[in-house]
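In what follows, a single structure is set out as structure tokens and then discussed.
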Amino acid sequence: MNHSQFEQWLRALPRDRSCNSNLVIPLLQSVDFFGDPSQVSAWLDRLPLGIAIYQKDGRAAFLNQVARDMIGIAPCTFSDISLDTAPDTALNTAPDTTVPICPIFQAGTGRLYAPEALPISRALRGESCTADDLEIRRAERTVLLEARAVPLCNGQGEVLGCVVVFQDITLRRQTERSLVTQNHALRSEITQKTEALHHQKIETQALLDAIPDLIFRVSDQGIYLSYLKTNHLIDLIPPEVNPVGMRVSQLLPKEVAQRKLHYLRAAFATQQIQVYEQQVWFGDRLQHEEVRIVPYSPTEALTMIRDVTDRKSAEDALRQSEARFRAAFDHSAVGSSITALNGQILAVNAACCDLLGYTEAELRSLTFQAVSHPEDLAADLAMVQELIDGKRNSFQMEKRYIRKSGEITWALLSVSLVRDAQQNPLYLLAQMQNITRQKRAEEMLIRANQELEALVNIDGLTQIANRRRFDQHLKQEWNRLLREQQFLSLILFDVDEFKRFNDHYGHQEGDDCLQKLAEVAKCVAQRPADLVARYGGEEFGVILPNTDMVGGRAIAEKIRLGIQALGIRHECSRVAQVVTVSLGVTSQIPTSTQTIEVLMAQADQALYNAKRRGRNRTAVYRDFDMP
């Protein structure tokens, strides 16, 4: 091919994606690559496809401008390059293991293309081939390539090299994938719409089959044009009668026909749906019917007749039930309310208004939370939630309400939940019985019992525990510490020379003295489980749970020193010029083989030892102390 032929061919070559290797390969096979290299280079650079020339040893001899741009390598020249001699380059290899100028991957796999399977290698082995699964990776993007390689042979058929034509098919593949996706989406949409139409047809037929109405098509002249057969047709029309072509006045009783014609005229005049009810006697049975006239043109309408006898009966029964409920609700002596699930008060009776001190209008603007005592609200709300969740059918509780005046009112609250036919919760029905007087009486009884308990367990003079309470508490703590295997300490103490004090100062001063001593002991032994008691006369006992001997002796000494520090004069005492006490302490871990009586005897022995050793002192029990 000469220069003018090439120019003519090049002008005819398409410049878009339709230009492919099938158009270019025939030209390349006719090119004399052994001719003028500069002319060949110029020709190949003008082609819109990537062109690569390889020598028979697998080394690249030339890449045109499109190929260089596509692969991203520096320009090279075809000058002084022939298929017999080519510049040495590290990118070239032997034909059986041809490595491309840049890494080539098998598209979509992430794996390098096998060198022996590359179109270059196959062409150098004398095979013309095409591959469209080549992928090169540029820094900025991935390029998909289609390549066609053909061998270049001399006159004797010897392979001298090969030419590879390749083009970027990235956009084409994206378009193909997009078309496939669109095709799948379109097929899916068609399938869905086909199924929807099928279901719609089934639903429409089922709907028509399920319609309980008697349906007629009627003209503006009152003539029946057609009808939809149903089981209800025999109610108005004998089986042997065909109503088509008959007038309304011919088919229906006179009063029923006149009323129907009246509404037919209204429907055609206004072109609006007309609905009315009628009563028809069938033998001794009165049937309630709802008639709906639907005009769909100036001269034709559909009339639909539905038997609503059961509905009417249900409505009448419901009205009677509601009337009975309203009468019971309004006139009940017990406060009653209807409350929404969120607590909004919907209705109240007069008794409820009296209970809370609000008017009906005021209560309907409030929630039950607003009139509830804060301390009772959490329990109330928790049980309401259990009602809603279906965990209980009703609940009852004693609850405090806050009246409009701010007073607290007690009520016995009973609540149930009303549900609809589908068991969905609708509202709460509550009854509130005023039990304020009862609660006050209970509180008075509790106070009286507490006072009685105090009289039974408290020493009247010193206002500390008496002997009865002392014995109860000691037994209680003994049993507890027996289980826990912890120490229990006991202190017994009495006033030194107290008879002389009474004889000298009088019983009133003696009583005052005992009260002061009790107060000191209470201030020292003040833990919740500690107990100070008047054991008898001028003798006191102190119970110290979870306290060993060291702790018990320390408490006893604090009591002794505290009483001495009071400085109550005792001029007749042979111990000191002020009131003093002697104390005995014992401590042990209760066991099943010992008794409380042993503990008491040990404390009493320790007290005896304190007195024997001179009084105004603390003595602790030792095993050898017992006689």
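Numbering of the sequence shown is given in the UniProt record's numbering, commencing with residue 1 and proceeding in unit increments. C-beta: ideal position from N, C-alpha, C; glycine also. These figures come from a predicted structure and were not determined experimentally.
- Item | Simplified DSSP state of M600, which is helix, strand or coil | helix
- If we cut at 8 Å on Cβ distances, does V275 have a partner in chain B? This model lacks chain B altogether; it includes just one protein chain.
- Message: Since D511 and L445 should fall inside the 8 Å C-beta cutoff, what is the C-beta to C-beta distance between them, to a whole number of angstroms?
- Response: 33 Å between Cβ atoms; not a contact.
- Is DSSP giving F498 helix, strand or coil here? helix
- Those residues which DSSP pairs with K399 across a bridge: BP columns for K399 point to A411.
- Helix, strand or coil: how does DSSP classify residue 634 here? The structure shown does not extend to residue 634, since the chain is modelled only from 1 through 627, so no value can be given for it.
- Item | Continuous alpha helix (DSSP H) assignments of at least 4 residues falling wholly in the stretch 410-452 | none
- Task: Return helix, strand or coil for N609, following the three-state DSSP convention.
- Result: helix
- By DSSP, does R622 sit in helix, in strand, or in coil? DSSP places R622 in coil when its eight states are reduced to three.
- Report back the beta-carbon spacing between R622 and T580 to the nearest angstrom; my notes put them in contact at under 8 Å. That pair is no contact at about 23 Å.
- Message: With H, G and I counted as helix, E and B as strand and the rest as coil, what does DSSP make of S332?
- Response: coil
- Message: Just verifying my parser: in three-state terms, what is the DSSP assignment at I73?
- Response: The answer is coil: DSSP assigns I73 none of H, G, I, E or B.
- Query: Roughly how many whole angstroms lie between the Cα atoms of A465 and S573?
  - Reply: 28 Å
- Cut-off 7 Å between Cβ atoms - residues of its own chain near R306, not counting five sequence neighbours on either side: Once the five neighbours on either side are set aside, the close Cβ partners of R306 are P212, D213, E289, E290.
- Query: Does the Cβ-Cβ distance between F395 and V371 come in under 8 Å?
  - Reply: no
- Exposed or buried, C513, counting other C-beta atoms within 10 Å across all chains shown (16 or more means buried)? buried
- Item | DSSP-derived helix/strand/coil call for L118 | For L118, the secondary structure class from DSSP, reduced to helix, strand or coil, is coil.
- Message: In whole angstroms, give me the CA-to-CA distance for N546 and D496.
- Response: 29 Å
- Compute the distance between the beta-carbons of A521 and I559, then report whether it is under 8 Å. Yes, these two residues count as a Cβ contact at 8 Å.
- What is the DSSP secondary structure of R483, reduced to helix, strand or coil? helix
- Query: Starting from Q156 and walking both ways along the beta strand (DSSP E), at which residues does that stretch end?
  - Reply: No beta strand (DSSP E) holds Q156; DSSP gives it neither H nor E.
- Message: Do F501 and H570 count as a contact pair if the criterion is CB distance below 8 Å?
- Response: yes
- Task: Using a threshold of 8 Å, state whether the C-beta atoms of L286 and G222 are closer than that.
- Result: no
- Query: Can V532 and A518 be called in contact, C-beta distance under 8 Å?
  - Reply: yes
- Between V164 and I136, is the Cβ-Cβ spacing less than 8 Å? Cβ distance not < 8 Å, so V164 and I136 don't count as in contact.
- Leaving out five residues before and five after V524 in sequence, what residues of the same chain have Cβ atoms less than 7 Å from its Cβ? I555, K558, I559, G562
- Query: Is it the case that the Cβ atoms of M432 and S489 are separated by a distance below 8 Å?
  - Reply: no
- Three-state secondary structure assigned by DSSP to H288: strand
- Query: Do the CB positions of Q369 and G335 come within less than 8 Å of each other?
  - Reply: no
- Task: Would you mind reading off the limits of the beta strand (DSSP E) that contains L214?
- Result: 214-219
- Can you list, in chain order, the stretches of the alpha helix (DSSP H) that have 4 or more residues and sit fully within the stretch 540-592? You should have 549-566.
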